[in-house]
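Below you'll find the structure, written out as structure tokens, and then a few comments.
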DNA sequence: TTATTTTAGGCAATCGATTGCTTTTGTTAA
DNA sequence: TTAACAAAAGCAATCGATTGCCTAAAATAA
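Chains as they are written, first to last, in this note's numbering: chain A, 526 to 867; chain B, 526 to 867.
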């Protein structure tokens with residue numbers, strides 16, 4: 526492919542018999558250029574269709590106004606919304622986003638981190654992959670001196686900026702709501718416990734049981750029921766127990782809740798009368814299932830905005846010895862028909 | 526924020542008493558470095574935690590292995606999936622994506638184009654915003670010598686690479702299917718006609734009517750029914766006509782179809798018996814509504830992959846006078862309950 | 001052993017914008 | 001008219017990696 530040579534400040538300088546430095550100053554509207562020549566330069570730049578080469582500018586200034594984002598999948602509602610929220614703020618500040626997907630693979634996550642650090646991005650925002658174990662690559666980000674913000678799924682032990690959801694209290698609230706609705710044998714579909722969010726949701730579930738003096742029944746706690754299919758399988762198993770649960774808290778996702786609902790419908794078990802179902806994430810479909818599914822909204826767009834704002838506020842406050850801020854957002858329980866017994 | 530100085534090839538060269546050029550060659554595994562020193566350099570680079578500065582490399586080589594993507598919203602299923610598809614291929618090739626949202630605003634789209642061209646991205650991939658009118662900014666991309674790929678929503682008149690959906694034939698197929706199911710007064714919810722995709726879908730609708738010798742009834746064609754709310758409003762209006770339609774083709778989106786379904790349910794009109802409904806896009810919820818909604822799948826991930834592959838194939842074929850390739854994908858009609866009368 | 005060819009590595013320019021410092025020009029005050 | 005100062009513009013180094021060209025050293029051939 527042909528690459529026509531692009532106009533540089535040297536071309537403008539030569540044409541006007543000026544020095545490139547003056548052209549640069551004029552374009553950046555900085556001091557020491559007379560108004561007349563500034564006008565002239567701007568006009569000529571326009572005429573010659575000049576576009577700044579921000580790669581060169583980045584190299585010189587060491588600041589590339591780019592933020593890297595690493596998420597498991599961009600085509601998942603939650604992450605897509607978080608990114609949209611981040612972008613809303615960064616765009617206003619003239620920053621760009623470079624987006625990478627880890628595809629839930631730690632190995633690929635490491636590669637993403639490398640590409641971003643090589644690019645000298647101004648900041649890296651990450652939500653770690655499902656098989657995350659070793660935070661070595663995250664530490665290397667800090668070693669490079671690049672600000673790091675973890676969100677949602679984080680390496681707890683790492684001292685970085687964080688934007689979190691209060692999963693524990695949200696889960697607790699959800700389970701308490703179910704208990705108040707009269708459910709007594711509440712099953713839990715849990716996610717991989719190496720991820721903080723799933724540990725917290727489980728903790729919330731246990732706390733709610735404890736609060737109401739309900740027993741913890743191990744056979745009602747099902748590991749790794751993350752997808753619709755796994756949720757369905759787990760539900761089928763649960764409902765075939767000699768003492769089946771009267772409610773299911775799909776702490777992993779709304780998809781698992783949907784799987785549960787489909788199995789219940791298929792087995793002719795009435796929701797919410799015979800079985801209560803609560804999901805997690807407020808996916809758009811939860812509103813339109815029959816019955817609609819009670820779930821937890823994570824305010825994903827707000828989360829994105831919060832993340833970006835955190836970065837810019839840190840950027841301004843150049844106090845050298847400050848603590849890494851942790852912001853926790855409160856998710857919201859959305860009560861719908863799938864748990865309304867009364 | 527503190528920015529510890531990063532290790533450069535000069536640091537490595539100094540430490541080993543070598544020339545930076547040798548370090549560069551060793552790191553790039555190019556010729557003219559002995560195996561011994563190459564090993565030594567790689568080992569030292571590793572030890573010193575060296576990371577290439579790809580900004581500097583980009584400036585020198587003029588190739589930054591970055592592709593810019595501009596879409597209206599990244600948190601819309603179709604676009605999120607297309608991007609995921611693009612990323613799948615570009616990642617393999619060692620390219621990065623810079624993603625921008627136009628938020629359906631032409632003005633903002635122009636700004637996105639500017640940021641991307643300033644960054645000298647290797648390619649720009651775009652699906653234009655809803656209020657798109659003037660392709661000036663797209664032409665400027667070509668003037669800068671940056672390859673441009675338009676997809677889905679495109680400026681027809683502009684000679685660029687394109688990846689399209691065959692909206693017309695898909696819409697025609699959908700409407701023919703409805704006619705075969707016995708629907709006779711089929712309404713159309715249409716989108717902004719400045720966008721090619723909506724013009725094509727309308728054309729498909731008209732072609733189907735023509736094929737079966739059905740009359741075109743202007744009062745059954747509703748403009749700008751794009752969202753769930755607008756779809757609902759339009760449906761309410763349609764169903765209150767003296768001669769209401771017996772089917773609705775929501776060519777704008779599944780959301781409009783969902784709005785239609787909700788209004789029908791609310792008015793106690795049976796779907797599909799009294800009213801057939803067909804959407805567009807195969808959003809995940811269409812499968813789980815009651816009844817499930819007939820729709821058109823656009824193979825969005827495949828589209829993304831196709832776009833990326835198109836870029837790389839063009840990159841290889843450096844024939845200087847070639848035509849801009851146009852790839853058209855065939856969407857797939859997904860027949861569900863909302864149109865199955867028989 | 002000498003001549004010739006490879007191979008390894010060094011030198012220095014380059015990509016394009018930015019910026020501290022110096023010089024020139026212009027303006028004002030003495 | 002000249003000195004003093006400010007404003008405007010020029011000079012040149014810099015950011016870090018890459019690469020064409022050149023030289024020195026090593027390997028091979030004569």
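Backbone N, C-alpha and C define an ideal beta-carbon position, used for all residues, glycine too.
- Uninterrupted alpha helix (DSSP H) stretches at least 4 residues long and entirely within the segment 800-854 of chain B occur at 825-841, given in chain order.
- Taking 9 Å as the cut-off, the beta carbon of residue 600 of chain A is found closer than this to the beta carbon of residue 606 of chain B.
- Close to residue 669 of chain A, with beta-carbon spacing below 7 Å, are these residues of chain B in chain order: 531 and 576.
- Annotation for residue 781 of chain A: 714, 750, 756 and 775 place their beta carbon closer than 6 Å to its own, counting only its chain and skipping 5 residues before and after.
- By the neighbour-count criterion, in which 16 or more other beta carbons inside 10 Å mark a residue as buried, residue 763 of chain A falls on the buried side.
- In the structure shown, residue 618 of chain B adopts coil according to DSSP, grouped into three states.
- Within the same chain, and ignoring the five residues on either side of residue 851 of chain A in sequence, the residues whose Cβ sits closer than 6 Å to its Cβ are 687.
- Contact of residue 810 of chain B with chain A is assigned, a C-beta pair being separated by under 9 Å.
- Taking 8 Å as the upper bound for CB-CB distance, residue 673 of chain B and residue 663 of chain B are in contact here, some 6 Å apart.
- The beta carbon of residue 611 of chain A lies closer than 8 Å to those of 592, 594, 622, 650, 829, 830, 832 and 833 in the same chain, with the five residues before and after it left out.
- In the DSSP assignment, no residue is bridged to residue 723 of chain A.
- Approximately 28 Å separates the beta-carbon atoms of residue 786 of chain B and residue 827 of chain B; this is outside 8 Å, ruling out the contact.
- Residue 637 of chain A is not bridged by DSSP to any residue.
- Assignment of residue 864 of chain A by DSSP, reduced to helix, strand and coil, places it in the helix class.
- Counting other Cβ atoms within 10 Å of its Cβ, residue 682 of chain B stays below 16 and is therefore classed as exposed.
- Close CB contacts of residue 789 of chain B within its chain, under the 6 Å cut and outside five residues either way in sequence, are with 796 and 800 (chain order).
- In the DSSP assignment, residue 657 of chain A falls outside any beta strand (DSSP E) and carries neither an H nor an E.
- Neighbours of residue 583 of chain B across chain A, judged by C-beta separation under 7 Å: 580.
- Interface criterion not met: the Cβ of residue 803 of chain A is under 9 Å from no Cβ in chain B.
- In the structure shown, residue 741 of chain B falls within a coil segment according to DSSP collapsed to helix, strand and coil.
- In chain order, 811, 812, 816, 817, 818, 819 and 820 place their CB closer than 8 Å to the CB of residue 861 of chain A, counting only its own chain and leaving out the 5 sequence neighbours on each side.
- A residue is called buried once 16 or more other Cβ atoms fall within 10 Å of its Cβ, and residue 770 of chain B is buried on that count.
- Within the segment 636-657 of chain A, 639, 640, 642, 643, 644 and 645 place their CB atoms closer than 8 Å to a CB of chain B, listed in sequence order.
- In this structure residue 587 of chain B is exposed. Its beta-carbon is surrounded by fewer than 16 other beta-carbon atoms within 10 angstroms.
- Note on the segment 739-782 of chain A: whole beta strand (DSSP E) runs with a minimum of 3 residues are 772-775, in chain order.
- For residue 591 of chain B, DSSP records a beta bridge to B/621.
- Per DSSP, reduced to three states, the secondary structure at residue 675 of chain A is strand.
- In this structure, the CA atom of residue 624 of chain B is about 33 Å from the CA atom of residue 535 of chain B.
- For residue 686 of chain B, the enclosing beta strand (DSSP E) stretches over residues 686-690.
- Nearest neighbour of residue 645 of chain B by Cα position, chosen from A/857, A/532 and A/814, turns out to be A/532.
- For residue 857 of chain A, the uninterrupted beta strand (DSSP E) run begins and ends at 857-859, by DSSP.
- Of the candidates A/741, A/613, A/574 and A/589, the residue whose Cα lies closest to the Cα of residue 580 of chain B is A/589.
- Judged by DSSP in its simplified three-state form, residue 567 of chain A adopts helix.
- Excluding the 5 residues flanking it on each side, residue 809 of chain A has same chain C-beta neighbours closer than 8 Å at 602, in chain order.
- Residues of the segment 689-705 of chain B that bring their beta carbon within less than 7 Å of a beta carbon in chain A are absent altogether.
- Between residue 656 of chain A and residue 629 of chain A, the C-beta spacing is below 9 Å.
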